[in-house]
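The opening residue of the sequence shown carries number 827 in our numbering; numbering runs sequentially from there. Beta carbons: idealized from backbone N, C-alpha and C, even for Gly. Note sheet for the following structure.
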Amino acid sequence: MPATTIITARKIITMNPGLPEASHVAIRDGRILAVGNAEDMKFWPDAVIDTRFADKVLMPGFVEGHSHIMEGSIWPYSYVGYFDRVSPDGVMVSGLKSIDAVVERLKAVSDAMSDPNAILFAWGFDPIYFNDRRMTRLDLDRVSTTRPVLIIHASFHIINTNSFTLQKVGIDRSTNIDGVPKDADGEPAGELQGPAARIRLFRGLQWNALSDSVSSDSVRRFSRSAVINGATTVTDLHNELTELCLADFRKETSAADFPMRLVPALSRIGATTEQIIERIGKLKTTNSEKLYFGMVKLVVDGSIQGFTGRLRWPGYHNGAENGLWYIAPNELDEIVGKLHAAHVHMHIHTNGDEATELAINAIEAAQIAHYWADHRHTLQHCQMASPAQFKRMKALGICANLFSNHIYYWGDQHYAITMGPERANRLNAAGTAKNLGVPFGLHSDAPVTPLRPLFTAWCAVNRITASGRLLGPDERLSVADALAGITIGPAYTMRMDHLVGSIETGKFADFVVLEQDPFAVDPMTLKDIPIWGTICGGQVFQAPKP
């Protein structure tokens, strides 16, 4: 008989309503053999007893249902965000509180670069924190006039660049594509919004940091971030999955010491719908225990704080023009219809409520044409959904993955600038989703915000903005519901709840090891619970100390 290990803990929170708590879990072949108390373990008298966690609390390994491999690949570049940020290696990088501070940091980086022609790329910037001031090409001309300088926003939907870059890629006053705003003189302002402008930029440079930087090193860096923050199943929710990228994914996830399960979603960029159907079908045949395919990602609109999300009437609170369609409305029905008919599981990015309405309509039409009882199509972010939209989602079997971190990082800006008070108070309305029975998860969208599932749960429980404002108190979740939102909830939306998300017989032996009981602490300190490490497939991974 294969070897059996029995782990004891001060408390095991299973997220299984049939057995909410336990003290012992038996493991064999990387899976959960049994859960219960000491008496329940008597059937395996020869088992190895592991008491290392006798004073700790175990939960199912956290499931991050919306993150990106960029959480691993972006860190070699310069961080220029507003908030302090901890790298996957535990290094604190200070935030920058003005555009001048961003320019100064990048000028120092440029001056230190040995190759005068090398591209300077930075990330994390967000001008919404600087009142009405937007960065222009002239700001970045202060960094360099002889090399490309690119800054991607925290949302990863907008890029700022300098005059040298615009000239190099042929973007000028005559350029007529969506997402190239002009200044008062009719020249490109230096801000490139949406996929059309970004594709023009990256093709002109013959370089794309968002895809070219993916490597074995970035996959490993991504996994270190997961261990530090207690996640054992993590998505890469928008990837073209080139052969080179797939080779890196397969190499790293096949290693015995790889500490998480990686779940990529195939992007439709650069392919027809028929090609996507064929590719995802082939990828699913290659699934392994730590590399799991099956989802396709569609992106309907942009970001609300970047003013590229699509909002219904009355639009943006400050009067800004409505955002961008990343998929034209007249195309979405056809794409969704074909994918749905082929039983392809879709995760659809909709930030604004107009984009959410479009996606719901497309799924409804697809269901009428080709009924699929358990499709679990999931609206990602779904930040401004109204109660009426959640009711339609429930009726149609649509799931939601809500961006709770947004409440802290951009809640103040949505209250005052983008949405106004009433709509901002229903931002990421997890309470409504719960009350109406819409299956949901909670997420970070790392590296847009940090991959910290306990912080994500804290945001959903407390709904506190960075300034301390309580935003939408009636949308707050209980601690139990928020913990479900970072475990069994996203596992369901990913069609993986038979494998992960709760501690039950037959599932993978994936746990997060906590120093405190999340049900015993003040909910305001939920985010501060120390994480000892993780267990993935029965293998222990201790988080490195800073």
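In the DSSP assignment, find the alpha helix (DSSP H) that holds residue i and state where it starts and stops.
i: Q1239; result: 1231-1239
i: I1189; result: 1179-1195
i: T1291; result: No alpha helix (DSSP H) holds T1291; DSSP gives it neither H nor E.
i: I1103; result: 1099-1110
i: T1319; result: 1314-1319
i: R968; result: Careful: R968 lies outside any alpha helix (DSSP H) and carries neither H nor E.
i: T826; result: As shown, the chain starts at 827 and ends at 1372. That puts residue 826 outside it, with no answer to give.
i: S1037; result: 1035-1038
Spatial neighbours of residue i within its chain, please: C-beta separation below 7 Å, excluding the five flanking residues on both sides.
i: H1169; result: W1198
i: A980; result: G907, G950, F951, D952, V1274
i: D965; result: I925, V929
i: G1178; result: D1127, I1130, G1135, R1136, L1137, G1149, M1210
i: R857; result: G1332, K1333, F1334, A1335
i: A835; result: S849, F879, A880, K882, V883, L884
i: L859; result: T830, A852, I853, T1331
i: P1085; result: S1049, A1052, V1053, T1360, C1362, F1367
What separation, rounded to the nearest whole angstrom, lies between the Cα atoms of residue i and residue j?
i: G1030; j: D1348; result: 52 Å
i: W901; j: A1188; result: 37 Å
i: G1311; j: F1229; result: 11 Å
i: D958; j: I1243; result: 10 Å
i: F909; j: F879; result: 34 Å
i: P1316; j: H1207; result: 13 Å
i: L1352; j: G1246; result: 29 Å
i: K1116; j: D1009; result: 49 Å
i: A938; j: A1181; result: 43 Å
i: P974; j: T987; result: 7 Å
i: G1163; j: L1325; result: 29 Å
i: T1291; j: A1195; result: 43 Å
i: M1350; j: I1329; result: 26 Å
i: Q1342; j: A1286; result: 19 Å
i: W1236; j: D855; result: 44 Å
i: V1305; j: H892; result: 20 Å
i: P1344; j: E847; result: 13 Å
i: L767; j: I1233; result: Limits of the chain in this structure are 827 at one end and 1372 at the other, which puts residue 767 out of reach.
i: M841; j: A1346; result: 16 Å
i: F982; j: K868; result: 53 Å
i: F1337; j: P942; result: 48 Å
i: I977; j: I985; result: 5 Å
i: S1270; j: V1060; result: 11 Å
Restricting to Cα atoms, I'd like to know which of the options is closest to residue i.
i: G862; options: K923, L1352, D958, I838; result: I838
i: L922; options: F1028, M1322, I954, E897; result: I954
i: K1371; options: G1020, S1051, I1095; result: S1051
i: I853; options: A880, T830, P846; result: T830
i: G1056; options: R973, P1247, S1080, F1281; result: F1281
i: L1268; options: Y903, V995, R1289; result: R1289
i: K1077; options: I1329, V1060, R1046; result: R1046
i: D1074; options: V1060, R963, S1041; result: S1041
i: V889; options: R1087, A1023, R1202; result: R1087
i: S904; options: E1183, L1165, A1035; result: A1035
i: Q1239; options: Y1142, T1001, E897, A1185; result: Y1142
i: M1172; options: G1223, F990, S940; result: G1223
i: R1295; options: V1264, A1308, L1165, A1250; result: A1250
i: L845; options: I833, R968, D866; result: D866
i: I1153; options: F1133, H1203, T1176, A1167; result: T1176
i: T1204; options: E1248, V1264, E1147; result: V1264
Can you list, in chain order, the residues of its chain whose CB lies under 6 Å from that of residue i, leaving out five sequence neighbours each side?
i: T1258; result: P1213, F1216
i: I1054; result: A1369
i: R999; result: G1012, E1013
i: V874; result: T831
i: M896; result: P1273
i: A1308; result: A1283, A1286, V1287
Quick one: give me the first and last residue of the beta strand (DSSP E) that residue i is part of.
i: A1057; result: 1057-1065
i: D876; result: 874-876
i: L1205; result: 1204-1207
i: Q1368; result: 1365-1368
i: V1125; result: 1121-1125
i: I1393; result: A question about residue 1393 goes unanswered here, because the residues of the chain that appear run from 827 up to 1372.
i: R1252; result: Where R1252 is concerned, there is no enclosing beta strand (DSSP E), given that its DSSP letter is neither H nor E.
i: G1020; result: Where G1020 is concerned, there is no enclosing beta strand (DSSP E), although the alpha helix (DSSP H) it sits in stretches over 1020-1031.
i: P1090; result: 1087-1093
i: K837; result: 831-839
i: I978; result: 975-979
Within 7 Å: the Cβ of residue i and any heavy atom of the ligand COA?
i: H1173; result: For the ligand COA, the structure offers nothing, since it holds no ligand at all.
If I measure Cβ to Cβ from residue i and keep anything under 8 Å in the same chain, skipping five residues before and after, which residues do I get?
i: L1340; result: K882, V883, L884, M885, G1056, I1355, P1356, I1357, W1358
i: D1004; result: Q1019, G1020, A1022, A1023, L1150
i: F1266; result: C1225, A1226, N1227, L1228, A1256, A1259, K1260, G1311, G1315, T1319
inquiry  = Three or more C-beta pairs under 8 Å: does that hold for the region 1082-1092 against the region 1106-1118?
reply    = yes
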